[in-house]
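Start counting the sequence shown at 1; every next residue gets the next number (full-length UniProt numbering).
By construction, the Cβ of each residue, glycine as well, lies at the ideal position given by its N, Cα and C atoms.
Everything numeric in this text was worked out from a predicted model, so none of it was measured.
First comes the structure, then the notes that go with it.
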Amino acid sequence: MDTTPACCKGREDKTREPTGTLVTLADVDAYLAQPPSGNSDHAIIMLTDTFGCTFRNNQLLADDFAKEVSGVG
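Spelled out as structure tokens, the structure:
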């Protein structure tokens, strides 16, 4: 494991806004990111780190995956 100070330095991406929606599925908080077209034959289930689905960077990553799945990204 890299132990340099930069390895654990993180920052919140404030250059973009998440496009998905926070939802509850079976009493579990989740973030629903849909492709720009609104439909797809694919799905990705993303398990997040300790910051969870409310962390902006995790939401942006899910949004990026949704774009890739739809072929837009």
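(message) Quick check on LEU61: does DSSP put it in helix, strand or coil?
(response) Locating residue 61 in the sequence shown gives position 61, counting from the first residue. Here LEU61 sits in helix by DSSP.
(request) Compute the Euclidean distance between the alpha carbons of ASP27 and SER37, then round it to the nearest angstrom. (result) On the sequence shown, residue 27 is found 27 positions in, with the first residue counted as 1. On the sequence shown, residue 37 is found 37 positions in, with the first residue counted as 1. The straight-line gap from Cα to Cα measures roughly 28 Å.
(request) Under 7 Å Cβ to Cβ from ILE44, same chain only, skipping five residues before and after it: list those, please. (result) Counting from 1 along the sequence shown, the entry for residue 44 is found at position 44. Correct list, in chain order: PHE65, VAL69.
(message) Less than 8 Å between C-beta atoms, sequence neighbours within five positions excluded: which residues of the same chain meet that for ASP30?
(response) Working through the sequence shown from its first residue, we reach residue 30 at position 30. First, the amino acid is wrong: residue 30 is Ala here, not Asp. Answer for ALA30: LEU22, VAL23, THR24, CYS53, listed in chain order.
(request) Spatial neighbours of residue 88 within its chain, please: CB distance less than 8 Å, with the 5 preceding and 5 following residues excluded, ordered by chain position. (result) What is shown of the chain runs 1 to 73, which leaves residue 88 out entirely.
(request) Could you tell me which of ARG56, LEU61, PRO35 sits nearest to residue 115, measuring between CA atoms? (result) With the chain covering only 1 through 73, there is no way to say anything about residue 115.
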